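For the sequence shown, the working numbering puts the final residue at 1275, and the numbers step up evenly by one. Ideal Cβ positions, reconstructed from N, Cα and C, are used throughout, including at glycine. Just so it is clear, the structure is predicted and the values come from calculations on it, not from any experiment. For reference, the structure is listed below as structure tokens.
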Amino acid sequence: MLPSSGLERLNAFSDGVFAVLITVLVLELRPPEIPTFAALLRLWPTWVSYGVSYLFIAIVWANHHHLLRHATGMTARLMWHNFAHLFSVSLLPLATAWMAVSELSPQPVAFYAGVFFLVNLTYLFLIRELIEPLPAEMIPQSARKTMRLRAAATLCLFALAALVALRYPIAGLAICCCCLAVYLRPQAPGTRDRG
């Protein structure tokens, strides 16, 4: 194991990445060329794309932050799993911009759902790295099972959303939004909060 300060650096770096992603996301917003509310309303695909993505980043950050609180030490595996997770989240501004510019066309929405799938897959790796080694009195088996089940179910739903989006993009995006709802509360039922 590396010194414990490695966890502080990992948290700080991760928080910095999330802050940059939100900044990049907002920089992609452009006002309409015509100064009317009607012109603003015509940009609804952009606002929907931005809103879902902002919420997604907020939820991912909250869950990531909660999960890293269970880290007992910095390891190379944790570092690389974290980098993989941050890489997948870093694709979100590109996916958001493409989806917005295309006005929610099938392939961009499918790609967007694919990014959600990748983020969730790398989150599952973080769960395995951080939660599985902990003693049962800290996180009961039922809570671990709930965390794994939630991650696996949403992984399948994100894959389904990508496939559905190829034919029905709004339905694919709606599936993604429904998946986000199960992560609004980062702490799995039955787990103790570690401060």
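Near residue i, which residues of its chain fall below 7 angstroms by C-beta distance, leaving aside the five closest residues on each side in sequence?
i	result
methionine 1081	Note on methionine 1081: pLDDT 45, under 50, position unreliable in the model; no value is reported.
alanine 1242	Ala1190, Ala1193, Gly1194, Phe1197 and Gly1252
isoleucine 1211	His1150, Ile1219, Arg1224 and Met1227
histidine 1146	Pro1266 and Gln1267
glutamate 1209	Arg1157, Leu1158 and His1161
asparagine 1091	Leu1148
phenylalanine 1238	Ala1193, Phe1196, Phe1197, Asn1200, Cys1256 and Cys1259
Any idea if residue i is buried or exposed, counting beta-carbon neighbours within 10 angstroms, 16 or more meaning buried?
i	result
methionine 1179	buried
glutamate 1215	Looking at the sequence shown, residue 1215 is not glutamate but proline. Exposed, since its Cβ has fewer than 16 Cβ neighbours within 10 Å.
threonine 1126	buried
isoleucine 1139	buried
cysteine 1256	buried
proline 1083	Reliability of the predicted coordinates at proline 1083 is poor, the pLDDT of 45 falling under 50, and the value obtained from them is presented with this limitation in mind. Exposed, by the Cβ-count rule.
alanine 1245	buried
isoleucine 1250	exposed
proline 1188	buried
tryptophan 1160	exposed
alanine 1231	buried
leucine 1107	exposed
threonine 1103	exposed
threonine 1116	exposed
isoleucine 1114	exposed
serine 1222	exposed
leucine 1166	buried
Whose C-beta lies closer than 8 angstroms to the C-beta of residue i among residues of the same chain, with five residues either side of it excluded?
i	result
tyrosine 1105	Reading the sequence as shown, one finds leucine at residue 1105 and not tyrosine. Once the five neighbours on either side are set aside, the close Cβ partners of leucine 1105 are Tyr1130, Ser1133, Tyr1134, Ile1137, Leu1172, Pro1173 and Thr1176.
glycine 1275	Summary for glycine 1275: the model assigns pLDDT 49, below 50, so the residue's position carries little reliability, and this model does not support an answer.
alanine 1164	Thr1202 and Phe1205
asparagine 1143	Tyr1203, Tyr1263 and Pro1266
For the alpha helix (DSSP H) containing residue i, list its first residue and its last residue.
i	result
serine 1168	1156 to 1170
histidine 1144	1124 to 1148
leucine 1253	1249 to 1261
isoleucine 1207	1186 to 1210
serine 1222	1221 to 1245
alanine 1119	1117 to 1121
Please look up how many angstroms separate the CB atoms of residue i and residue j, rounded, as I've assumed it's under 8 angstroms.
i	j	result
phenylalanine 1098	tryptophan 1141	5 angstroms
valine 1169	leucine 1260	Between leucine 1260 and valine 1169 the Cβ distance is about 13 angstroms, and since that is not below 8 angstroms, they are no contact.
threonine 1234	valine 1199	So it is not a contact: roughly 10 angstroms between Cβ atoms.
Would you say the beta carbon of residue i is closer than 7 angstroms to some non-hydrogen atom of the ligand HEM?
i	result
threonine 1226	This structure lacks the ligand HEM, and indeed carries no ligand of any kind.
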